[in-house]
Amino acid sequence: MPIFVWLTIVTALRILQRNRLRAGLTMLGIIIGVGAVIAMVSIGEGAKLAVQKQIASMGANSILIWPNYTMVSGVRGGQGSVITLTVADAIDLKKKIPLLAETGWSRSGSMQVMSGGRNWSTSVIGASPSTLTIRDWSYSSGGPFTQTDMDTAARVALIGQTVVDNLFDLGEEPVGAIIRLKNVPIRIVGVLSPKGQSPSGSDQDDVVIIPFSTAERKVLGTSFLGSVSGVHVSTDRTEDVFDAVEQIREVLRSRHRLQGDRPDDFIIRTQIDVAKIQEGTSETLTGMLLAIASVSLLVGGIGIMNILLVSVTERTREIGIRMAVGAKRFHIMMQFLIEAITLSMVGGGIGVVFGVTAARLTSIIAGWPTIILGRTIVTAFGFSLVVGLFFGLYPANKAARLNPIEALRYE
Amino acid sequence: MVPLIVCEDLWKVYRVGDVEVQALRGLSLTINEGEFVAIMGTSGSGKSTLMNILGCLDQPSTGRYRLGGVEVEGLHPDQLAEIRNQRIGFVFQSFNLIPRTSALENTQLPLLYRGLSLKEQRTLASAALERVGLNGREHHTPTQLSGGQQQRVAIARALVTSPSLLLADEPTGNLDTRSSDEIMAILEELNRDGITVILVTHEIDIAAHAAREIVIKDGQVLSDRTAQGRNS
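First to last, the protein sequences are chains A and B. If you want my numbering, it's the 1-based position in the first sequence plus 2. Read in my numbering, the second sequence has 183 at position 197, and its numbers run on one by one without any break.
Structure representation (structure tokens):
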């Protein structure tokens, strides 16, 4: 049997080569389908990795809690309209939930920052030192402020790269320099390493971070001591994030005396939630593109079936001859199936080259990250095989069931 | 004398629309091993139908057909294919070679379905081509060969499996006199080597090569004469 299969493949290739144009047009659908699948999945995988990197930049295990609106006599204030989250909440969370590795809190505001003759509007964050750890900041020069700075409300700051670019000349060393916030002179102790855009698109490097106590007492001010605009906590392990979220909700509800079905007066958001939304979006997109690619493969398959039906008709007499000299139904069937598979395999192979090239070009021209996985190629190629096999079955079966006498007489 | 072909009361009925055509009407026939038989008859006499049944390409509607002791009627198409492959060689009026395929590969074809190795196929096919005097033309395609040469390739293909029966359906119908003589000489030689040859023709001088002449008319045997009978 192997010799039969082998010789049939050779024959199939010879026939394809003889009808190059026809074969090429027939394979076009498969080529486009396989190429599209590979290009799309590669772009999708690239996007997924980019999202994962962004998430990691936010601290993968971190959980963010911020105040929600409250309802007073049926009037709903906006988000954060009422002070519902405090430093005491944060400290209590740390005490009651062993899963939490770090707990930090922050308050932020928008403010003009000045240095020498220049000024720049940026977001000023008053943060507890642990917040820096949770957000996973690193430093391109200098280092973080300390618990002592926090306790003494020291006038120290960390600044992001965007702020550095706008306040200092190229090559000027910001660490040690004095900037002014609301006329309060503050010394820069560290420059934060650039993080780029957050998943929501804001510039994470356009920031000045000062100790929470300094912000509360000297810079941002407050109407209620200890109110925070966000609590940041983190767990040691990513798996624990969901359990931690449940426990945080319980603790905060009991602290805030929320009973029964009264809604939470806080919002808990994890980086995993953000990641899910992002991945969901890119998966929806990939899914849609894959659907289009599948339609192309389907059309390609129908093209193969069509050309094989033509081939069976054209070669009816040949089929008759083969039957007369002893070809069984299986042999005739195999001959046309192998021809269909050869068509789809050659098409699939060219499609792989197309897809990989398209993915590379996307990276080079559009600058999108793409990841070409081995299994993407294998799957797409395998799919083209299945298409060839499936759409080859009907014509092959039709050929195998021809009556030898009628086939021999066919003109 | 060992009978190779035994036909008893063969009927073949076709339906063409509402019309019933009786191609064979109770035909009985016995052909022994090693015979050279010519089957003659006008078109519509049923001789083509008889050929198809004898060649296991078709089945009779009723009646018995035994080929070399095997009951053929009621067999599955694949079993018929195997009998054709093992025991029967065909030579057709229109040569029926596979186009754009070399003489050697055309000759190999029956062996391909026997599952022989490529080397065995090549050896046997080359020998068969040499036997019909086509050595040196193994790699010519049908269009590069004359009609007589094409028919010789067809004969090589028919005898490459060493069949017990060779069925030649108007083998000289498309050939000039010289080529016809060559083909008939080859068939006679094969018959001398022990192959049973059944020749379907309507040309009397071609039929004269055979030792026995059967005339078919209206689906029945009209006359069955041996060469001696014809000479007398």
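All C-beta atoms, glycine included, are put in the ideal place defined by N, C-alpha and C. Source: prediction; values computed, not measured.
Buried versus exposed call for LYS105(B) [16 or more other C-beta atoms within 10 Å across all chains shown] = Numbered from 1 along the second sequence, position 119 holds the residue referred to as residue 105(B). With fewer than 16 other beta carbons inside 10 angstroms of its own, LYS105(B) counts as exposed.
What residues in its chain sit with their C-beta under 7 Å from that of GLY37(A), if we drop five residues either side in the sequence?
-> Within the first sequence, residue 37(A) is the residue found at index 35, counting from 1. Here the set comprises GLY353, PHE356, GLY357, ALA360.
Is it the case that the Cβ atoms of VAL221(A) and LEU183(A) are separated by a distance below 8 Å?
-> The residue given as residue 221(A) occupies position 219 in the first sequence. The residue given as residue 183(A) occupies position 181 in the first sequence. In contact: VAL221(A) and LEU183(A) (Cβ atoms closer than 8 Å).
Mind checking if GLU341(A) is an interface residue toward chain B, Cβ cutoff 8 Å exclusive?
-> Translated into the one-based positions of the first sequence, residue 341(A) becomes position 339. Not one chain B Cβ lies under 8 Å of GLU341(A).
Secondary structure of THR35(B), DSSP reduced to three states = What you label residue 35(B) is simply residue 49 of the second sequence in a count that begins at 1. In this structure, THR35(B) counts as helix in the three-state DSSP scheme.
Starting from GLN135(B), follow the alpha helix (DSSP H) in both directions and report where the run begins and ends.
-> The residue you call residue 135(B) lines up with position 149 of the second sequence. Per DSSP, GLN135(B) belongs to the alpha helix (DSSP H) from 133 to 145.
For ARG24(A), decide whether its Cβ has a neighbour in chain D, counting only Cβ atoms nearer than 8 Å.
-> Among the protein chains of the structure shown, namely A and B, there is no chain D.
Cβ neighbour criterion (16 or more within 10 Å) applied to ASP207(A) = Within the first sequence, residue 207(A) is the residue found at index 205, counting from 1. With a threshold of 16 other beta carbon atoms within 10 Å, ASP207(A) meets it and is buried.
Can you give me the Cβ contacts of GLU59(B) inside the same chain, cut-off strictly under 7 Å, excluding the 5 residues immediately before and after it?
-> Numbered from its first residue, the second sequence carries residue 59(B) at position 73. Annotation for GLU59(B): GLN45, PRO46, ARG50, TYR51 place their beta carbon closer than 7 Å to its own, counting only its chain and skipping 5 residues before and after.
How close, in whole Å, do the beta carbons of SER284(A) and VAL53(A) come, if the pair is a contact with beta carbons under 8 Å?
-> Here residue 284(A) is taken as the residue at index 282 of the first sequence, counted from 1. Here residue 53(A) is taken as the residue at index 51 of the first sequence, counted from 1. About 7 Å; that satisfies the 8 Å criterion.
Residues of its chain near GLU156(B), where Cβ-Cβ distance is below 7 Å and the 5 sequence neighbours each way are ignored = Locating residue 156(B) in the second sequence gives position 170, counting from the first residue. In chain order, GLN79, VAL186, THR187 place their CB closer than 7 Å to the CB of GLU156(B), counting only its own chain and leaving out the 5 sequence neighbours on each side.
Closer than 7 Å at the beta carbon, the chain B residues around ILE323(A) = Sequence index remark: in the first sequence, residue 323(A) carries index 321 (1-based). Under the 7 Å cutoff, chain B gives ASN82, ILE84.
Own chain, CB closer than 8 Å to LEU120(B), minus 5 neighbours either side, in chain order | Counted from its first residue, the second sequence places residue 120(B) at position 134. A distance below 8 Å between beta-carbons, with the five flanking residues on each side excluded, links LEU120(B) to the following residues of its chain, in chain order: ALA89, GLN135, ARG138, VAL139, ALA142.
Beta bridge counterpart(s) of GLY128(A) as assigned by DSSP = Here residue 128(A) refers to the residue found at position 126 of the first sequence. DSSP output for GLY128(A) lists ARG109(A), ILE212(A) as bridge partner(s).
Reduced DSSP secondary structure (H/G/I, E/B, other) of ILE352(A) = Within the first sequence, numbered from 1, the residue matching residue 352(A) stands at position 350. In the three-state DSSP reduction, ILE352(A) falls in the helix class (H, G or I).
Under three-state DSSP, which class holds TRP8(A)?
-> Taking the first sequence and counting its residues from 1, the one referred to as residue 8(A) is at position 6. Here TRP8(A) carries a helix assignment [DSSP, helix/strand/coil].
Between the CA atoms of GLU413(A) and MET325(A) - distance to the nearest angstrom = The count along the first sequence starts at 1 and reaches residue 325(A) at position 323. The count along the first sequence starts at 1 and reaches residue 413(A) at position 411. GLU413(A) has its alpha-carbon roughly 16 Å from the corresponding atom of MET325(A).
Output yes or no for whether 8 Å exceeds the beta carbon distance between ALA67(B) and ALA329(A).
-> For this step, residue 67(B) is matched to residue 81 along the second sequence. For this step, residue 329(A) is matched to residue 327 along the first sequence. Contact flag set, yes.
For the putative contact between ILE84(B) and GLY41(B), defined by C-beta atoms under 8 Å, what is the C-beta separation to the nearest angstrom?
-> Within the second sequence, numbered from 1, the residue matching residue 84(B) stands at position 98. Within the second sequence, numbered from 1, the residue matching residue 41(B) stands at position 55. About 19 Å separates the beta carbons of ILE84(B) and GLY41(B), which is beyond the 8 Å limit, so they are not a contact pair.
Between ILE190(A) and MET113(A), what straight-line distance do the alpha-carbon atoms span, to the nearest angstrom?
-> Along the first sequence, read from residue 1 onward, the residue named residue 190(A) stands at position 188. Along the first sequence, read from residue 1 onward, the residue named residue 113(A) stands at position 111. So the two alpha carbons sit approximately 16 Å from each other.
Which first and last residues belong to the beta strand (DSSP E) in which PHE22(B) is found?
-> Your numbering for residue 22(B) matches position 36 in the second sequence. Taken as a continuous stretch (DSSP letters only), the beta strand (DSSP E) holding PHE22(B) covers 22 to 26.
Going by the CB atoms, is the gap between GLU341(A) and ALA14(A) shorter than 8 Å?
-> Reading the first sequence from its first residue, position 12 is the one you call residue 14(A). Reading the first sequence from its first residue, position 339 is the one you call residue 341(A). A Cβ-Cβ contact shorter than 8 Å links ALA14(A) with GLU341(A).
Which residues, taken in chain order from the region 311 to 337 of chain A, show a beta carbon closer than 8 Å to some beta carbon of chain B?
-> Hits within the stretch, in order: ARG319, GLU320, GLY322, ILE323, ARG324, MET325, ALA326, VAL327, GLY328, ALA329, LYS330, ARG331, PHE332, HIS333.
Contacts of PHE6(A) in chain B (Cβ-Cβ under 8 Å) | As a working note, residue 6(A) is residue 4 in the first sequence. LEU98, TYR99, GLY101, listed in chain order.
Length of the line joining the Cα atoms of LEU98(B) and VAL327(A) = Here residue 98(B) refers to the residue found at position 112 when the second sequence is read from its first residue. Here residue 327(A) refers to the residue found at position 325 when the first sequence is read from its first residue. Between LEU98(B) and VAL327(A), the C-alpha separation is close to 10 Å.
Straight-line gap, GLY205(B) to ARG16(A) (C-alpha atoms, nearest Å) | For this step, residue 205(B) is matched to residue 219 along the second sequence. For this step, residue 16(A) is matched to residue 14 along the first sequence. Taking the straight line from one Cα to the other gives about 45 Å.
Assumed close pair PRO213(A), GLY128(A) - CB separation to whole angstroms, cut-off 8 Å | For the purposes of this step, residue 213(A) is taken as the residue at position 211 of the first sequence. For the purposes of this step, residue 128(A) is taken as the residue at position 126 of the first sequence. So it is a contact: roughly 7 Å between Cβ atoms.
Contact between the region 377 to 393 of chain A and the region 288 to 301 of chain A (3+ Cβ pairs under 8 Å) = Counting C-beta pairs with one atom in each stretch, the region 377 to 393 of chain A and the region 288 to 301 of chain A have three or more that are closer than 8 Å, which means they touch.
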